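Here's the structure we're looking at; comments come further down.
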Amino acid sequence: MPTSPLRHSLRALLAGTVVLALAACGSDSVEGAGLEDDASDRTPAVEGRSLAAPPDLQVGEWWRMEVDPDLVDPTFEVTLVVTDVEDGRATLGIVPDGFSHHFLVLHVPPLGDLDLATMAWHVMWDDFEALRFPLEEGRTWEADFHGNDVTAEVTRVEGNRAWISYSGEDEIEAVYDADMGMITEFSEERLLLSFRVLEHGTGYEGPVRKMNQIRLGLMERGPDEPADEAAGHSGRRTATVEVDSGSSDGSISLVVWNRGFEDEPGRYRMVATAPDGTVLEETFETEVGSPSVIPASFGHDVVDGTWQIDFERDGPAGLLVELFTYDLVELELGAGGAVVARGR
């Protein structure tokens, strides 16, 4: 797949987008499968699935996951829930107690619209086509992950599980388990993103946060040079950006990309003023041993209009602001996947 000039020019800093639920679980849970686990004695929560075809996901089907963005330090535990299935697509919502706005800029776990034919979810500019059915050893296809071209290959098949390696401008390893209808292991090398399924089941009942049409609304970089009075660099930059998404909500992340500068102190400030005048801001004081990527993420329900982004950079780290927009609905699922309550 061709990569746009914008992607090439921003690629080094866009690694900084990797900045950055436990719920009451439904019935029929099974243990998550590791890369080398023996799954022969597991009883699937849904019978009849195989590697030959996309999974028949069910409303109320859930996966408890561990999400590990290594550069950010914290590990998250979340529960994903299927809220809709129609015309070969599903929506993966998330139990609110485990939700973090960091997930939108991390791009994992897979949230929102899911194309069942390819298990594709939206990552940065494009959908990441994670799978191609039937999953047979030796099958290959081209995909895009976070603006990087990769070639996927099914390297191993055992029972109802397939191991996939993605190579090229990024390196990724994944395991798909047909019994669980989900990628159960995912490990990405360039941005050090990973997730794994801990538990799986059906019949979830409770609150779910549903996000559709997740898209990149704005992306702005901080000043190219840190403050240096002698060199005439102020370390400041202001940008105004028009957003016209038609979406109801968004998640905005203010990111210090400190990778390579963990032993150098700095002071950084970013301010995002939303179209309705709401100010979302953070001051970062880094010191020796600070994380490689330091995010501050916020949700907001007015995303369309003029945003103003202000940067102050006094240190070696790079700065980045990204806004991801989406349509948000808060659901309450009842027995059999029925929607018993619906919020905005």
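Sequential numbering of the sequence shown, starting at 55, is according to the numbering used here. For each residue, glycine too, the CB sits at the ideal point set by N, CA and C. Owing to the predicted nature of the structure, the values given are computational and were not obtained by experimental measurement.
C-beta neighbour in chain D for S346, strict 8 Å: The structure shown contains no chain D; it is built from a single protein chain.
Euclidean distance between Cα positions of E470 and E227: Missing from the structure shown is residue 470; the chain here goes from 55 to 398 and no further.
Buried or exposed by the 16-neighbour rule on C-beta atoms within 10 Å, applied to T360: The count along the sequence shown starts at 1 and reaches residue 360 at position 306. Under this definition T360 is an exposed residue.
Close beta carbons around G388, own chain, < 7 Å, minus the five adjacent residues each side: Counted from its first residue, the sequence shown places residue 388 at position 334. The residues are E259, V394.
Could you pull out every residue in the same chain whose Cβ sits closer than 7 Å to the Cβ of S81, ignoring the five residues on either side in sequence? Numbered from 1 along the sequence shown, position 27 holds the residue referred to as residue 81. Per-residue confidence for S81 stands at a pLDDT of 36, beneath the threshold of 50, marking its modelled position as unreliable; no derived number is given.
Decide if A171 is buried, meaning its Cβ has at least 16 other Cβ atoms within 10 Å, or exposed. Locating residue 171 in the sequence shown gives position 117, counting from the first residue. Around the Cβ of A171, a 10 Å sphere holds fewer than 16 other Cβ atoms; the residue is exposed.
Which of helix, strand or coil does DSSP assign to H402? What is shown of the chain runs 55 to 398, which leaves residue 402 out entirely.
For E376, the nearest candidate out of M173, P128, D224, G304 (CA to CA): Numbered from its first residue, the sequence shown carries residue 376 at position 322. The shortest Cα separation from E376 among M173, P128, D224, G304 belongs to G304.
Take the Cβ of G271 as the centre, count every other Cβ of all protein chains shown within 10 Å, and call the residue buried at 16 or more, exposed below. Within the sequence shown, numbered from 1, the residue matching residue 271 stands at position 217. Label assigned to G271: buried.
Run through the stretch 321-353 for me and flag every whole beta strand (DSSP E) of 3 or more residues, listed as ranges in chain order. Within the stretch 321-353, the complete beta strand (DSSP E) runs of at least 3 residues are 333-340.
Please classify R210 as buried or exposed, where buried requires at least 16 other C-beta atoms within 10 Å of its C-beta. Here residue 210 is taken as the residue at index 156 of the sequence shown, counted from 1. Residue environment: R210 is assigned as exposed (fewer than 16 neighbouring CB atoms within 10 Å of its CB, all protein chains considered).
Beta strand (DSSP E) containing W175: first to last residue? As a first step, residue 175 must be located in the sequence shown, where it is residue number 121. 175-177 is the span of the beta strand (DSSP E), which, as asked, contains W175.
Pick out the complete alpha helix (DSSP H) segments inside the stretch 210-252, 4 residues or longer, and give them in chain order. Whole alpha helix (DSSP H) segments, 4+ residues: zero.
Return the first residue and the last residue of the beta strand (DSSP E) that H143 is part of. In the sequence shown, the residue the question calls residue 143 occupies position 89. Sequence inspection shows Arg at residue 143; the His mentioned does not correspond to that position. First-last of the beta strand (DSSP E) with R143: 143-148.
Which ranges does the beta strand (DSSP E) cover as unbroken runs of at least 3 residues, wholly within the stretch 363-388, from first to last along the chain? Contiguous beta strand (DSSP E) elements confined to the stretch 363-388 occur at 372-387, taking only those with 3 or more residues.
Apart from the five residues on each side of it in sequence, which residues of its chain come closer than 7 Å, Cβ to Cβ, to P163? For this step, residue 163 is matched to residue 109 along the sequence shown. Within its own chain, the residues whose Cβ lies closer than 7 Å to the Cβ of P163, once the five positions on either side in sequence are excluded, are M119, V121, V132, L134, F157, F249, listed in chain order.
S307: first and last residue of the uninterrupted beta strand (DSSP E) it sits in: Taking the sequence shown and counting its residues from 1, the one referred to as residue 307 is at position 253. Counted as a single uninterrupted DSSP element, the beta strand (DSSP E) harbouring S307 occupies residues 303-311.
Would you check if the distance between the CB atom of L308 and the CB atom of P349 is smaller than 8 Å? Indexing the sequence shown from 1 puts residue 308 at position 254. Indexing the sequence shown from 1 puts residue 349 at position 295. Result yes, Cβ atoms of L308 and P349 sit closer than 8 Å.
Whose C-alpha, out of A328, S299, V139, D127, is nearest the C-alpha of N312? Start at 1 with the first residue of the sequence shown, and residue 312 comes out as number 258. Looking at the Cα atoms, D127 is the closest of the given residues.
Going by Cα to Cα distance, which pick from A174, Q267, A326 is closest to T379? Along the sequence shown, read from residue 1 onward, the residue named residue 379 stands at position 325. With distances taken between Cα atoms, T379 lies closest to Q267.
Excluding five sequence neighbours on each side, which residues of the same chain lie with their C-beta closer than 8 Å to the C-beta of T332? In the sequence shown, counting from the first residue as 1, residue 332 sits at position 278. For T332, where only same-chain residues beyond five positions count, the Cβ hits under 8 Å are H354, V356.
Count the CB pairs spanning the stretch 360-370 and the stretch 286-302 that are closer than 8 Å, and state whether there are at least three. Taking 8 Å as the limit for Cβ pairs, the verdict is that the stretch 286-302 does touch the stretch 360-370.
How long is the line joining the alpha carbons of S344 and V229, rounded to whole angstroms? Mapped onto the sequence shown, residue 344 falls at position 290. Mapped onto the sequence shown, residue 229 falls at position 175. About 32 Å.
Option in W175, E101, L125, Q112 with minimal Cα separation from G390: Position 336 of the sequence shown, counted from the first residue, corresponds to residue 390. Here the closest residue by C-alpha is Q112.
For D278 and G147, I'd like the C-alpha separation in whole angstroms. Working through the sequence shown from its first residue, we reach residue 278 at position 224. Working through the sequence shown from its first residue, we reach residue 147 at position 93. Straight through space, the alpha carbons of G147 and D278 are spaced by roughly 38 Å.
Of the choices M234, V100, A197, F315, whose alpha-carbon is the least far from that of D180? Here residue 180 refers to the residue found at position 126 when the sequence shown is read from its first residue. Nearest Cα to D180 within the set M234, V100, A197, F315: A197.
Inter-residue Cα distance where the pair is E239 and E283: On the sequence shown, position 185 is the one that residue 239 refers to. On the sequence shown, position 229 is the one that residue 283 refers to. Taking the straight line joining both Cα atoms gives about 49 Å.
Below 6 Å CB to CB, which residues in the same chain sit around E115 once its five sequence neighbours on both sides are set aside? One-based indexing of the sequence shown puts residue 115 at position 61. A distance below 6 Å between beta-carbons, with the five flanking residues on each side excluded, links E115 to the following residues of its chain, in chain order: V136, T256.
If P150 sits next to L246, beta carbons under 8 Å apart, how far is it from one beta carbon to the other, in whole angstroms? In the sequence shown, the residue the question calls residue 150 occupies position 96. In the sequence shown, the residue the question calls residue 246 occupies position 192. Incorrect: roughly 27 Å between the Cβ atoms, too far for contact.
Can you say whether P370 is buried or exposed, counting buried as having 16 or more other CB atoms within 10 angstroms of its CB? Stepping through the sequence shown from its first residue, residue 370 is reached at position 316. By the Cβ neighbour-count rule, P370 is exposed, with fewer than 16 other Cβ atoms within 10 Å of its own.
What number of angstroms, rounded off, separates the C-alpha of A174 from the C-alpha of F199? Here residue 174 refers to the residue found at position 120 of the sequence shown. Here residue 199 refers to the residue found at position 145 of the sequence shown. Distance between the alpha carbons of A174 and F199 is about 10 Å.
Distance, Y220 Cα to E243 Cα: As a position in the sequence shown, residue 243 is number 189, starting the count at 1. As a position in the sequence shown, residue 220 is number 166, starting the count at 1. The straight-line gap from Cα to Cα measures roughly 10 Å.
Could you tell me which of M178, T145, A99, H155 sits nearest to S273, measuring between CA atoms? Along the sequence shown, read from residue 1 onward, the residue named residue 273 stands at position 219. It is Met, not Ser, that sits at residue 273 in the sequence shown. In terms of Cα proximity to M273, the closest of M178, T145, A99, H155 is M178.
If you follow the beta strand (DSSP E) that T137 is part of, which residue opens it and which one closes it? For this step, residue 137 is matched to residue 83 along the sequence shown. Looking at the DSSP string, the run of the beta strand (DSSP E) that includes T137 is 130-140.
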